[in-house]
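There are 2 protein chains.
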Amino acid sequence: MKSYQEMSKEELLACKAELEAAYKEIQDRDLSLNMARGKPSSAQLDTGVGLLDALTSKDNLFSEEGTDCRNYGVLDGIIEAKRLMAAVMDVKDPENVIIYGNGSLSIMYDTVSRSYTHGVAGCTPWCKLDQVKWLCPVPGYDRHFAITEHFGIEMINIPMLSTGPDMDMVEDFVSKDPSIKGIWCVPKYSNPQGITYSDETVKRFARLKPAAKDFRIYWDNAYVIHDLYEDDKDTLLDIIGECEKAGNPDLVFEFASLSKVSLAGAGIAALACSKANREETLRTMTIQTIGYDKLNMLRHVRYFKNLDGVKARMREHASSMRPKFEALLHLFDTELSGRGAGSWIAPKGGYFITYEAPEGCAKAIVQLCKEAGIVLTKAGAPFPYGKDPRDSVIRVAPSFPSAEELAVAGEVFVVCVKLATVKKLLGEAV
Amino acid sequence: MKSYQEMSKEELLACKAELEAAYKEIQDRDLSLNMARGKPSSAQLDTGVGLLDALTSKDNLFSEEGTDCRNYGVLDGIIEAKRLMAAVMDVKDPENVIIYGNGSLSIMYDTVSRSYTHGVAGCTPWCKLDQVKWLCPVPGYDRHFAITEHFGIEMINIPMLSTGPDMDMVEDFVSKDPSIKGIWCVPKYSNPQGITYSDETVKRFARLKPAAKDFRIYWDNAYVIHDLYEDDKDTLLDIIGECEKAGNPDLVFEFASLSKVSLAGAGIAALACSKANREETLRTMTIQTIGYDKLNMLRHVRYFKNLDGVKARMREHASSMRPKFEALLHLFDTELSGRGAGSWIAPKGGYFITYEAPEGCAKAIVQLCKEAGIVLTKAGAPFPYGKDPRDSVIRVAPSFPSAEELAVAGEVFVVCVKLATVKKLLGEAV
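For the record, the sequence lines run as chains A and B.
Heads up, the first sequence is in numbering that gives the first Met the number 0, so the first residue is 0 and it goes up one at a time.
Heads up, the second sequence is in numbering that gives the first Met the number 0, so the first residue is 0 and it goes up one at a time.
Below, the structure is given as C-alpha cells:
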C-alpha cells in the first residue's frame with residue numbers, strides 16, 4: 000500500500016473525497032462516544048464490586064494490632080494495609096508505607112504543597128524561592144503537570160525514549176541546576192505511551208547527584224500491576240531499593256493506589272519512601288488529619304487478602320482490557336500501518352495508547368473526532384502547559400467504552416487521522 | 000461546707016494529709032484510664048455500625064443524578080450527600096455544599112493551606128506577606144491552633160464569654176488590622192467549654208467589616224446536632240444566611256462532618272460557603288483530587304436517608320453521652336462546689352466539660368492525674384502555642400470511657416483538684 004507521502008496530488012484529492020464522504024456518513028450517525036478518560040468500564044467495575052460485601056457489621060472490625068477501625072486514630076494506616084500496598088509496590092519494608100484516602104493524586108498534591116509551604120529536608124520552602132523548576136518527561140500525565148503549574152513551578156520537557164526519560168538530559172539538568180526540585184515519572188506502562196523504564200534508567204535515577212538537596216523523584220507507580228499479558232509483562236526495578244544501594248535513600252517518593260484495582264472512586268492509596276522522608280511527611284500529616292478511613296483499608300485487606308488476591312483481580316482486569324487494546328492496535332495495523340499517517344507503540348499494560356500523528360495534525364484530528372461525536376483527550380494535554388511543540392501526540396484511552404463502542408470509535412478515529420493527514424499534505428487548513 | 004480559702008493553715012494541713020492518703024491509695028490501684036480524647040466510646044460506635052451494611056454489591060450504586068459511584072468523577076460530591084449535609088448544617092442551598100473525605104480537619108487545613116499558597120479572592124497569597132495574624136477564642140480546639148501555628152500565623156487570644164467570643168475585641172481587631180486573616184470558631188457547644196454563640200454574637204460576626212478583604216471566619220460547626228437533651232437544646236443562627244443578609248456573603252467558611260454521627264474514622268465531611276468561595280475552592284480541588292469517595296457518601300445517604308434519620312441516631316448518641324456528663328457534673332457539684340477549687344460550665348451538648356482550676360493549678364492537676372493512671376488532655380492544649388496564661392483550664396472528655404471507668408476517673412480527678420488547690424494555698428510547689 001502506498002503511503003500518502005508517495006501519492007500524487009490527484010491521488011491525494013481522490014483519497015480526500017473518499018474520506019470526506021466517509022466522514023460525512025459518520026457524522027450522520029449522531030455518535031456520542033468517549034475515549035478521553037482513563038476510567039475503568041462498568042464491566043470492569045462489576046468484577047470489583049464484591050469489595051462492598053467484604054466488611055459488614057458482623058465482621059471483626061479491629062485491625063490485627065487491636066485498633067478499632069471504626070474510631071479515630073492511626074495516622075499512617077493499619078499495618079495489614081501497609082503490608083498489602085508494600086507487596087503491590089514491590090517495596091521491602093511495609094513500615095515505610097503510609098496509607099491515605101481514595102486517590103494517589105492528592106498525595107502528590109500534598110507532597111508538592113508541603114514542599115512549597117514548609118520545604119524539604121530543612122531547605123528553604125519553595126514559596127520563598129524566586130524560581131523552582133521541574134523536569135517533565137513528555138508525553139506525560141496532564142494531572143501531574145497541572146499540580147506543578149498550579150504552584151507556579153517552571154516545567155521543562157524531557158523527551159521519552161523507549162527506555163524511559165532521556166537520562167543524559169535528566170542527569171545534566173539535575174546535577175547542574177539547583178532550582179530543579181523534582182521530576183514526574185510514571186515508570187511502568189507510562190501514561191500515555193505505555194513505556195516501562197529500563198533497569199539502566201532506574202539505576203541512573205537512583206544514582207543521580209542533584210545540585211539541590213531538596214530534589215526528589217516523584218515516582219507515580221500508577222500501573223505497577225496493570226499488565227495486559229500474564230506471560231509477557233514488563234518488569235520494573237524497585238526504585239527505593241536502588242536508591243538505598245546507591246546511598247541516596249531519600250531521593251524518591253513513590254506513589255500508588257488500588258483505584259484501578261478495586262473500585263476507581265473508592266480505593267486506597269499509598270506513599271512509600273525512606274524513613275527520613277516518612278517522618279517529615281508525618282510531621283505535616285499530623286496537623287492535617289486525624290487519619291484516613293481505616294474501615295476502607297480493612298475492607299481492602301479482607302477482600303484481597305494478599306498480593307495473590309490482587310493479582311487474581313488484575314487477571315480479570317486484563318481479560319477485560321486486552322481485547323480492547325488488541326482491537327484498536329489491530330485496526331491501526333490494518334488501516335494506518337505504512338500510510339505515513341503516524342505511529343504508535345503497542346503497550347503491554349497500563350491504560351493508554353499514544354498515537355503520534357504527523358506533525359501539526361493532532362489538534363485537527365481531535366477536533367474532527369469531536370465533530371463526529373467521539374471525545375478524545377485534548378490535544379496537547381500530555382504536555383506541560385497543554386503545549387505539544389509538534390502538535391502530534393494523541394492519547395487514546397480504550398478502557399471506558401465497551402468493545403462494541405470501541406470498534407465504532409476506532410473506525411472514526413482512523414478516518415479522522417487519514418483525513419487530517421491528507422489535508423495537511425495537500426497544504427489545506429486542517 | 001467551708002471553702003479552702005476560708006480554712007486556717009492547720010485545717011488545710013489536715014485536708015492535705017487526708018488527700019495525700021487518698022491519693023496514695025488511688026496510686027496503689029494501678030489504674031489506666033483516659034479522659035483525654037474526644038473519641039466516641041465503643042458502645043456508641045456499636046450503634047452506628049449498621050452503616051457498613053447500608054451498601055452492598057446488590058444495591059443500586061448509582062447516584063440519583065445517574066453517576067456510577069464506583070467510578071472516578073464528581074468533584075464536589077453527589078447531590079444527595081450535599082442535601083443531607085446541608086440539612087445537618089442548617090444551610091439553605093445544597094449546591095453551596097462540597098462533600099469531602101472522612102474528616103473536616105483536613106478541609107480546614109486545605110483551606111488555610113490554599114490561602115497560604117494561592118491567596119483568597121485575588122489577594123496576595125499569605126506566604127508572600129510578612130505577617131499573617133489570626134484570632135483564637137480561648138479556650139479552644141488544639142488542632143485548630145496547630146494548623147495556624149504550622150503556617151507560622153501569629154495567634155491572638157480572644158476571651159470566651161458566655162455568649163461566645165468577646166465580640167468587642169473581635170470587631171476591634173478585625174476592623175483595624177489588615178494582617179488579621181481569620182478566626183477559629185466552634186459556634187455550638189464549643190470545644191472545650193460547650194458554649195453556644197448567642198444570636199447577637201452570630202449577627203455581629205455576620206456584620207464584621209474586616210480591614211482585610213481576605214479575612215474569613217472559620218466556622219467549625221463540629222457539634223451542630225450533638226445535643227444532650229431533646230427538650231433543652233441550644234440553638235445557633237445560620238451564619239451563612241446571616242452573612243448574606245448583612246451583605247457579606249463571602250465572609251465565612253463553615254465546616255462539619257458526620258464523624259461523630261456515623262463512625263468516627265469513616266464519616267463524610269463538608270464545607271459550606273458562598274458561591275464565590277465555592278468556586279475558588281473548586282479551582283484548587285480540581286488540581287488536588289479526582290473526587291472523594293462517592294460510595295461512602297452514598298452509604299451515608301442510604302443509611303440515614305434524611306435529617307430525621309440523623310436525628311434519630313443522635314438521640315441514641317445522647318442517651319449514651321448524657322449519663323456520663325451528668326455523672327461527672329454531679330460529682331463536681333457534690334465534691335467541688337463551694338470549695339474554692341475551681342469552676343465549670345454544665346454544657347447541653349458537645350464532647351467536653353471545661354474545668355477551670357484555681358490559677359496556677361492546671362498543669363499540677365493533670366500531672367497528679369497522670370501519676371495516678373488517668374490521662375487528661377495536656378494542660379495548656381486549649382490555648383495557642385499550648386500556653387494557658389493562667390494555667391487554669393483543663394479539658395475533660397467523658398465520651399470514650401465507659402460509665403464505670405468514668406466514675407473511677409472522676410473520683411481521681413476530684414482528689415487531684417483538691418490536693419493541688421490545697422498545696423497551692425499552702426504555698427507549696429504543686
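Cβ coordinates follow ideal geometry from the N, Cα and C atoms, glycine included.
Excluding its 5 nearest sequence neighbours in each direction, SER40 (chain B) has C-beta neighbours in its own chain below 8 angstroms: SER319, SER398, PHE399, PRO400 and SER401, listed in chain order. Our two residues, ARG69 (chain A) and HIS299 (chain B), have alpha carbons roughly 14 angstroms apart in a direct line. For TYR217 (chain A), the beta-bridge partners assigned by DSSP are A:TRP183 and A:PHE252. Between SER189 (chain B) and LYS132 (chain B), the CB-CB gap reaches or exceeds 8 angstroms. Among the residues of chain B, those whose CB is under 8 angstroms from the CB of ARG69 (chain A) are LEU44, GLY47, VAL48, LEU262, ALA263, GLY264 and ALA265, following chain order. A distance below 8 angstroms between beta-carbons, with the five flanking residues on each side excluded, links GLU19 (chain A) to the following residues of its chain, in chain order: LEU418. Proximity of chain A to GLY385 (chain B) at the Cβ level (cut-off 8 angstroms) is not reached, the minimal Cβ distance being about 14 angstroms.
Fewer than three pairs of CB atoms, one per stretch, sit closer than 8 angstroms, so the segment 34 to 52 of chain A makes no contact with the segment 272 to 287 of chain A. Measuring C-alpha to C-alpha distances from VAL395 (chain B) to each of B:TYR384, B:LYS386, B:PRO383 and B:VAL416 identifies B:VAL416 as the nearest. For ASN33 (chain B), the pairing in a beta bridge is given by DSSP as B:VAL374. For the set A:PHE412, A:VAL111, A:LEU104 and A:ALA371, the Cα lying nearest the Cα of ASP27 (chain A) is the one of A:ALA371. Residue-level contact check: CYS122 (chain A) does not touch chain B, since none of the beta carbons of chain B fall below 8 angstroms from its beta carbon. By the Cβ rule, the segment 75 to 86 of chain B counts as touching the segment 96 to 107 of chain B, because three or more pairs are nearer than 8 angstroms. One finds THR116 in chain B with Cβ atoms closer than 8 angstroms to the Cβ of PHE150 (chain A), taken in chain order. DSSP lists A:TRP133 as the bridge partner or partners of MET154 (chain A).
Against chain A, the beta carbon of PRO39 (chain B) has neighbours under 7 angstroms at ASN70, listed in chain order.
In the DSSP assignment, ILE98 (chain B) falls within the unbroken beta strand (DSSP E) covering 96 to 98. In the structure shown, MET159 (chain A) falls within a strand segment according to DSSP collapsed to helix, strand and coil.
Cβ neighbours of LYS386 (chain B) within its own chain (closer than 7 angstroms, five residues either side excluded): GLY379.
TRP218 (chain B) is positioned such that its CB atom lies no closer than 8 angstroms to that of LYS180 (chain B). Taking a Cβ-Cβ threshold of 8 angstroms, the residues of chain B close to LYS293 (chain A) are GLY264 and ALA265, in chain order. The residues ARG113, in chain order, have a CB closer than 6 angstroms to that of THR283 (chain B) in the same chain once the five nearest residues on each side in sequence are set aside. Closest option to HIS225 (chain A), judged by alpha-carbon separation, among A:LEU128, A:LEU424, A:ARG321 and A:PHE331: A:ARG321.
At a cut-off of 8 angstroms between beta-carbon atoms, GLY100 (chain A) makes contact with chain B. For ALA13 (chain B), the enclosing alpha helix (DSSP H) stretches over residues 8 to 26. Unbroken alpha helix (DSSP H) stretches of 4 residues or longer found wholly inside the segment 37 to 92 of chain A: 41 to 47 and 78 to 88, given in chain order. Rounded to whole angstroms, the Cβ separation of ILE373 (chain B) and LEU60 (chain B) is 46 angstroms, and the two are not in contact under 8 angstroms. Here GLU403 (chain B) is not bridged, per DSSP, to any residue. Spatial neighbours of TYR302 (chain B) in its own chain (CB-CB distance under 6 angstroms, excluding positions within 5 residues in sequence) are listed in chain order as LEU50 and ALA53. Contact between the segment 242 to 250 of chain B and the segment 199 to 210 of chain B is present, with at least three C-beta pairs closer than 8 angstroms.
Rounded to the nearest whole angstrom, the CA to CA distance from ASN276 (chain A) to ARG215 (chain A) is 10 angstroms.
Excluding its 5 nearest sequence neighbours in each direction, ASP233 (chain A) has C-beta neighbours in its own chain below 8 angstroms: LYS187, TYR188, THR195, ASP226, LYS347 and GLY348, listed in chain order.
With a threshold of 16 other beta carbon atoms within 10 Å, SER273 (chain A) meets it and is buried. The segment 105 to 149 of chain B contains, as complete alpha helix (DSSP H) runs of 4+ residues, the segments 141 to 149 (chain order).
By the criterion of a C-beta distance shorter than 6 angstroms, THR147 (chain A) is surrounded in its chain by TRP133 and MET154, once the five residues flanking it on both sides are discounted. Assignment of beta-bridge partners to SER342 (chain B) by DSSP yields B:GLU355.
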